[in-house]
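Undergrad: Residue numbers (UniProt numbering), protein chains in the order written: chain A, 1 to 210; chain B, 1 to 210; chain C, 1 to 210.
1. Can you tell which of C:44, C:73 and C:77 has its C-alpha closest to the C-alpha of residue 61 (chain C)?
2. Determine which residues share a DSSP beta bridge with residue 199 (chain A) and list them.
3. Does the distance from the CB of residue 86 (chain C) to the CB of residue 79 (chain C) come in under 7 Å?
4. Strictly under 7 Å for the Cβ-Cβ distance: is residue 53 (chain B) near chain C by that measure?
5. Taking 7 Å as the threshold (beta carbon to beta carbon), is residue 1 (chain B) in contact with chain A?
6. Apart from the five residues on each side of it in sequence, which residues of its chain come closer than 6 Å, Cβ to Cβ, to residue 135 (chain B)?
7. Along chain B, in chain order, which residues have C-beta atoms closer than 7 Å to that of residue 80 (chain A)?
8. Would you call the CB atoms of residue 53 (chain C) and residue 53 (chain B) closer than 7 Å?
9. Can you find a CB in chain B that lies within less than 7 Å of the CB of residue 144 (chain C)?
10. To which residues of the same chain is residue 67 (chain A) closer than 6 Å at the C-beta, ignoring the five residues directly before and after it?
11. Could you tell me if residue 6 (chain A) is buried or exposed, where buried requires 16 or more neighbouring beta carbons within 10 angstroms of its beta carbon?
12. Could you name the residues of the same chain whose beta carbon sits closer than 8 Å to that of residue 204 (chain C), not counting the 5 residues immediately before and after it, in chain order?
13. Find out if the Cβ-Cβ distance for the pair residue 102 (chain C), residue 51 (chain C) is shorter than 7 Å.
14. Is it buried or exposed, residue 97 (chain B), if we count other Cβ atoms within 10 angstroms and call 16 or more buried?
15. What do you get for residue 83 (chain B), buried or exposed, if any count of 16 or more other CB atoms within 10 angstroms of its CB means buried?
16. Identify whether residue 173 (chain C) lies in helix, strand or coil by the three-state DSSP scheme.
17. Can you list, in chain order, the residues of its chain whose CB lies under 6 Å from that of residue 106 (chain C), leaving out five sequence neighbours each side?
18. Let me see if you follow: with CB-CB separation under 7 Å, is residue 140 (chain C) close to chain B or not?
19. Who are the near neighbours of residue 58 (chain B) in its chain, counting only those whose CB is closer than 8 Å to its CB and skipping five residues on each side?
20. Residue 64 (chain B) touches chain C at which residues, Cβ-Cβ below 9 Å?
21. Which residues in chain B sit within 8 Å of residue 30 (chain A), going by Cβ to Cβ distance?
22. Does the separation of the CB atoms of residue 202 (chain B) and residue 32 (chain A) fall below 7 Å?
23. Measuring straight from C-alpha to C-alpha, what distance separates residue 190 (chain A) and residue 30 (chain B)?
24. Please list, in chain order, all residues of the same chain as residue 149 (chain C) whose beta carbon is under 7 Å from its beta carbon, the five residues on each side excluded.
25. Are residue 76 (chain B) and residue 23 (chain B) close, meaning C-beta to C-beta below 7 Å?
26. Check the C-beta distance from residue 73 (chain C) over to residue 141 (chain C) and give it rounded, since I have them as a contact under 8 Å.
27. Kindly indicate which three-state DSSP category residue 143 (chain B) falls into: helix, strand or coil?
28. Buried or exposed, going by whether 16 or more other CB atoms sit within 10 Å of the CB of residue 196 (chain B)?
29. Just to confirm my understanding: we take residue 129 (chain B), look at its own chain, exclude 5 residues before and 5 after, and list those with CB closer than 6 Å. What are they?
30. Tell me whether residue 2 (chain A) sits in a helix, a strand or coil according to DSSP, three-state version.
31. Report the rounded CA-to-CA distance for residue 122 (chain C) versus residue 132 (chain C), giving the unit in angstroms.
32. Buried or exposed, going by whether 16 or more other CB atoms sit within 10 Å of the CB of residue 157 (chain C)?
33. List the endpoints of the continuous alpha helix (DSSP H) containing residue 85 (chain C).
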């Protein structure tokens, strides 16, 4: 019971932070309140919805949980009224975003394994769970998804966290302790990458986008 | 039987009008005939397909009904040959588009409730049914979806119509009379918003997109 | 057994070539290695994933086959290290892309028919299988999907191949010989269209996109 409570609380925290980034993107793109709500919901829930459609867990969790739908609305209200202040807190938001990334890749991989996917495919779905919402946010904002070009270590920490869950599963280690450890690993890697400015490689001869 | 006939006729009318807007968008973007067909089909059927995937009603209605697929083709033929005339009729098209919006939000919410979703989630899916096709149309045309920024009351009337269906359902009122009343309510609100130029709010300090 | 082997080999070849086009698009858009992997996977597997979600074949084939996921990675490695050489081979790539198009429209239609869809809807899904991955590739690259405006015969050969499978099915002809013949027909039509520069029509008064 207590464990369920902690897991749910972490889930909602991840959703809240992802929703903040969606609502802030809407402000940057000068969208109206409809755009803010849509981007907040999609950023927070989009990755999980895609995962659930793929594994056949319908309706997706986002369409059975009240908290999942209402939390992005709370983030939207906050950004609507205090977006300059929230934008100034971006370093803190990025910190929590890293936490959401870690959490989502670990829980996404676990859910895919529980639905019988192979470790490789579960890792793939874990990464999709973690980065899918941000990709949809950028597509709806008329941008190329930043994760595809900005050379930050963002998908890679998610991949490492997802692989840790799958490796644990293969060694018959599962349960929330493993999920938590993998989430922490992905979070730490992402935080270090931000701290030290680690970059992903690009093919030879390719320069920055203008 | 007669009721089924009226419902189907209204459905096809909504699909036809949404398809017109898709085919006209293709002309504005200077697409070829393939682009016209794809945008007509997606605009008309996209919202319902997403709804059906989410509630697990597969194959989606669009992939089991001949009329749903052929009606957008008829709209494409019309726009292909007479797009200047159709574009001149835009005020009338917008009027029928409002009817399609009302109809789709009401029938989408009803279908979601029938599949066991909670009232809140059914409302969400009703709105997705109504605006999803237009969002996909704009994304495929390389545009930010207009519903996210243009400050027209478009998603809000859909939300009100969907909420009316859900409120009726909670009060044990359902059937096609309730659906029709909710559709009419959304339609009326949308028509009034167009007539009087009502606008959605934007966060403080945000100005028009260039 | 032997037949299965040939079919699988052809599938993987189609996936490989589509993945090449995705990875090359990523290089043109100056994406990083994450963008290359994502575009390679989506271009190769996106159409089939959409088809499988629509017919309810979950998890989609891409999430149950190792080869389907690993083949685009191989294409990414190739393009990462030798993209100037691969780009110079574009005529050959386009030739194999036509083969992939033929194969995907035929197998997609067959799978949809086997899942009980009507011939019309199976044809629709066959075309989606063939062109869906490229559409998603272009959307993720911030481009209007080229199949919607570039007036090449690309969707049409897929439509013809899909219709040939459906016509065979209606005449009680199925099996891999029919699928292969339909794939060859679509391939030949696409190759002729490239050779002779055949163009799709556009509505009156519409000129080239800038």
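The C-beta atom is built at its ideal place from N, Cα and C for all residues, glycine as well.
TA: To lay it out plainly:
1. Position 61 of the third chain, counting from 1, holds the residue named residue 61 (chain C). The option with the nearest alpha carbon to residue 61 (chain C) is C:44.
2. On the first chain, residue 199 (chain A) is found 199 positions in, with the first residue counted as 1. DSSP lists A:152 as partners of residue 199 (chain A).
3. On the third chain, residue 86 (chain C) is found 86 positions in, with the first residue counted as 1. On the third chain, residue 79 (chain C) is found 79 positions in, with the first residue counted as 1. Yes, the Cβ-Cβ distance between residue 86 (chain C) and residue 79 (chain C) is below 7 Å.
4. Within the second chain, numbered from 1, the residue matching residue 53 (chain B) stands at position 53. Chain C, which has a Cβ nearer than 7 Å to the Cβ of residue 53 (chain B), makes this yes.
5. For the purposes of this step, residue 1 (chain B) is identified with residue 1 of the second chain, where counting begins at 1. In this prediction, residue 1 (chain B) scores a pLDDT of 41, lower than 50, which makes its location untrustworthy; the coordinate-derived value is nonetheless stated afterwards. Not closer than 7 Å to any Cβ of chain A, the Cβ of residue 1 (chain B) fails to qualify, so no.
6. Along the second chain, one-based indexing puts residue 135 (chain B) at 135. Excluding residues within five positions, the ones whose Cβ falls inside 6 Å are 145.
7. For the purposes of this step, residue 80 (chain A) is taken as the residue at position 80 of the first chain. Going along chain B in sequence order, the residues near residue 80 (chain A) (Cβ under 7 Å) are 203.
8. Along the third chain, one-based indexing puts residue 53 (chain C) at 53. Along the second chain, one-based indexing puts residue 53 (chain B) at 53. Contact flag set, yes.
9. Along the third chain, one-based indexing puts residue 144 (chain C) at 144. Yes - at least one Cβ of chain B is within 7 Å of the one on residue 144 (chain C).
10. Working through the first chain from its first residue, we reach residue 67 (chain A) at position 67. 12, listed in sequence order.
11. For the purposes of this step, residue 6 (chain A) is identified with residue 6 of the first chain, where counting begins at 1. Exposed.
12. The residue you call residue 204 (chain C) lines up with position 204 of the third chain. Here the set comprises nothing.
13. Residue numbering aside, residue 102 (chain C) sits at position 102 when the third chain is read from its first letter. Residue numbering aside, residue 51 (chain C) sits at position 51 when the third chain is read from its first letter. Not a contact, by the Cβ cut-off of 7 Å.
14. Here residue 97 (chain B) corresponds to residue number 97 of the second chain, with the count starting at 1. Under this definition residue 97 (chain B) is a buried residue.
15. Here residue 83 (chain B) refers to the residue found at position 83 when the second chain is read from its first residue. Buried: at least 16 other Cβ atoms inside 10 Å.
16. Stepping through the third chain from its first residue, residue 173 (chain C) is reached at position 173. DSSP places residue 173 (chain C) in coil when its eight states are reduced to three.
17. Within the third chain, the letter at position 106 stands for residue 106 (chain C). Hits under 6 Å: 161, 165, 179, 182 and 183.
18. Residue mapping note: residue 140 (chain C) aligns to position 140 of the third chain, counting from 1. Chain B, which has no Cβ nearer than 7 Å to the Cβ of residue 140 (chain C), makes this no.
19. Position 58 of the second chain, counting from 1, holds the residue named residue 58 (chain B). Excluding positions up to five away in sequence, the list reads 52.
20. Residue mapping note: residue 64 (chain B) aligns to position 64 of the second chain, counting from 1. Result: 117, 118 and 121.
21. Stepping through the first chain from its first residue, residue 30 (chain A) is reached at position 30. 149, 202, 206, 207, 208 and 209, listed in chain order.
22. In the second chain, counting from the first residue as 1, residue 202 (chain B) sits at position 202. In the first chain, counting from the first residue as 1, residue 32 (chain A) sits at position 32. In this structure, residue 32 (chain A) lies closer than 7 Å to residue 202 (chain B) by Cβ.
23. What you label residue 190 (chain A) is simply residue 190 of the first chain in a count that begins at 1. What you label residue 30 (chain B) is simply residue 30 of the second chain in a count that begins at 1. Distance between the alpha carbons of residue 190 (chain A) and residue 30 (chain B) is about 43 Å.
24. Position 149 of the third chain, counted from the first residue, corresponds to residue 149 (chain C). The residues are 209.
25. Counted from its first residue, the second chain places residue 76 (chain B) at position 76. Counted from its first residue, the second chain places residue 23 (chain B) at position 23. Yes; because the gap between Cβ atoms is below 7 Å, this pair is in contact.
26. The residue given as residue 73 (chain C) occupies position 73 in the third chain. The residue given as residue 141 (chain C) occupies position 141 in the third chain. In fact, because the Cβ distance is near 19 Å, the residues do not count as touching under 8 Å.
27. Locating residue 143 (chain B) in the second chain gives position 143, counting from the first residue. Residue state, collapsed to three classes: coil.
28. Counting from 1 along the second chain, the entry for residue 196 (chain B) is found at position 196. Residue 196 (chain B) should be labelled exposed.
29. Your numbering for residue 129 (chain B) matches position 129 in the second chain. Excluding residues within five positions, the ones whose Cβ falls inside 6 Å are 47, 48, 51, 104 and 108.
30. The residue you call residue 2 (chain A) lines up with position 2 of the first chain. Low confidence applies to residue 2 (chain A): its pLDDT is 48, below 50, so where it sits in the model is not reliable, and the reading given next is rough at best. Correct three-state label for residue 2 (chain A): helix.
31. Taking the first residue of the third chain as 1, we reach residue 122 (chain C) at position 122. Taking the first residue of the third chain as 1, we reach residue 132 (chain C) at position 132. In a straight line, the C-alpha of residue 122 (chain C) is about 14 Å away from that of residue 132 (chain C).
32. Numbered from 1 along the third chain, position 157 holds the residue referred to as residue 157 (chain C). Classification of residue 157 (chain C): buried, given that the 10 Å Cβ count is 16 or more.
33. Against the third chain, residue 85 (chain C) aligns to sequence position 85. Looking at the DSSP string, the run of the alpha helix (DSSP H) that includes residue 85 (chain C) is 66–88.
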